[in-house]
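Taking it in order: structure first as structure tokens, then the write-up.
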Amino acid sequence: MRRIGVLALQGSFIEHIATLKRLGVEPPAVKLPKDLVGLDGLIIPGGESTTIGKLATTYKLIEELKRLGEDGLPIWGTCAGMILLAREIEGDSQTRLGLMDIAVERNAFGRQVESFEADLVIPALDGVSSEEEKGKSFRAVFIRAPSVKRVGEGVEVLAALDEGVIVAARQGNLLATAFHPELTEDNRFHRYFLNLVEL
Ligand code: GLN
1076 MRRIGVLALQ GSFIEHIATL KRLGVEPPAV KLPKDLVGLD GLIIPGGEST
1126 TIGKLATTYK LIEELKRLGE DGLPIWGTCA GMILLAREIE GDSQTRLGLM
1176 DIAVERNAFG RQVESFEADL VIPALDGVSS EEEKGKSFRA VFIRAPSVKR
1226 VGEGVEVLAA LDEGVIVAAR QGNLLATAFH PELTEDNRFH RYFLNLVEL
């Protein structure tokens, strides 16, 4: 059975764990470096990126996470997780893994009250969609979400809002979404990540 760890320091890790369980995957909660041993993939959940970064430093996870990501471990960051994956955080020097060649802006859509949902067309999900799901848009939940301002050459844009703002991207083994797929019933993004793990 595949083991997809979920970084469980702060944020919406319980929802990711529940979705992975429904998909028949073992989802160990990662709190310490020893929990990273033997993983086939890792999810960094949404929450507060500064808090997750500080806790990951305290628990000595940062260097090990960087090494695993550089060695090709599939890592998916959702919302705050995306911020932690980014090489550049506009106007901010907070702790990050810096694994992915993207620049992000935190709280790009305003404060909590400006949280919103949007239906996104994501062709990359067709590969994991049933006949019934094919072509169906993905309901994306944005909560004090970041946006992707720039992507490097090796980065594939997976989804953008109508105005062109990039909200999902992939660079080889690394996946980033500005929204929260773990908060909806639609688990196509989790299946897409599991496909990356199988590659
Ligand atoms: N605004 C948060 C941050 O900057 C991210 C919000 C989220 O993960 N839902 O870290």
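Residue numbers for the sequence shown follow this note's numbering, so the first one is 1076 and each next one is one higher. The C-beta atom is built at its ideal place from N, Cα and C for all residues, glycine as well. Here the structure is a predicted model, which is why all the values come from computation and not from measurement.
Could you tell me which residues DSSP pairs with residue i in its beta bridges?
| i | result |
| --- | --- |
| Arg-1225 | Ala-1178 |
| Leu-1082 | Val-1105 |
Give the range of the beta strand (DSSP E) segment to which residue i is assigned.
| i | result |
| --- | --- |
| Ala-1093 | That residue, Ala-1093, is in no beta strand (DSSP E); its alpha helix (DSSP H) goes 1088-1097. |
If you draw a straight line from the C-alpha of residue i to the C-alpha of residue j, how long is it?
| i | j | result |
| --- | --- | --- |
| Asp-1194 | Leu-1111 | 34 Å |
| Gly-1147 | Cys-1154 | 21 Å |
| Ala-1131 | Phe-1213 | 31 Å |
| Arg-1245 | Ala-1161 | 11 Å |
| Gly-1083 | Gly-1128 | The displayed chain sequence assigns Ala, not Gly, to residue 1083. Looking at the two C-alpha atoms, the distance is approximately 12 Å. |
| Glu-1273 | Ser-1190 | 33 Å |
| Phe-1264 | Ala-1104 | 19 Å |
| Glu-1090 | Glu-1257 | 6 Å |
| Glu-1139 | Leu-1271 | 20 Å |
| Gly-1221 | Lys-1106 | Per the sequence presented here, residue 1221 reads as Pro, with Gly not at that position. Distance between the alpha carbons of Pro-1221 and Lys-1106 is about 24 Å. |
| Tyr-1134 | Ala-1093 | 24 Å |
| Gly-1227 | Leu-1250 | 14 Å |
| Leu-1117 | Glu-1238 | 31 Å |
| Gly-1202 | Phe-1254 | 20 Å |
| Gly-1210 | Ile-1197 | 8 Å |
| Ala-1243 | Ala-1234 | 5 Å |
| Val-1230 | Arg-1219 | 24 Å |
| Ile-1137 | Leu-1159 | 10 Å |
| Leu-1236 | Glu-1208 | 20 Å |
| Asn-1248 | Arg-1186 | 31 Å |
| Arg-1171 | Glu-1206 | 39 Å |
| Thr-1125 | Asn-1182 | 12 Å |
How is the alpha helix (DSSP H) around residue i delimited, first residue to last?
| i | result |
| --- | --- |
| Leu-1271 | 1263-1273 |
request  = Starting from the N-terminal side, write out each stretch of the alpha helix (DSSP H) that is 4 residues or longer and does not extend beyond the region 1099-1183.
outcome  = 1124-1133, 1137-1145 and 1155-1160
message = Give the list of continuous beta strand (DSSP E) stretches no shorter than 3 residues that lie fully inside the region 1183-1257.
response = 1191-1195, 1213-1217, 1222-1226, 1231-1235, 1241-1246 and 1249-1252
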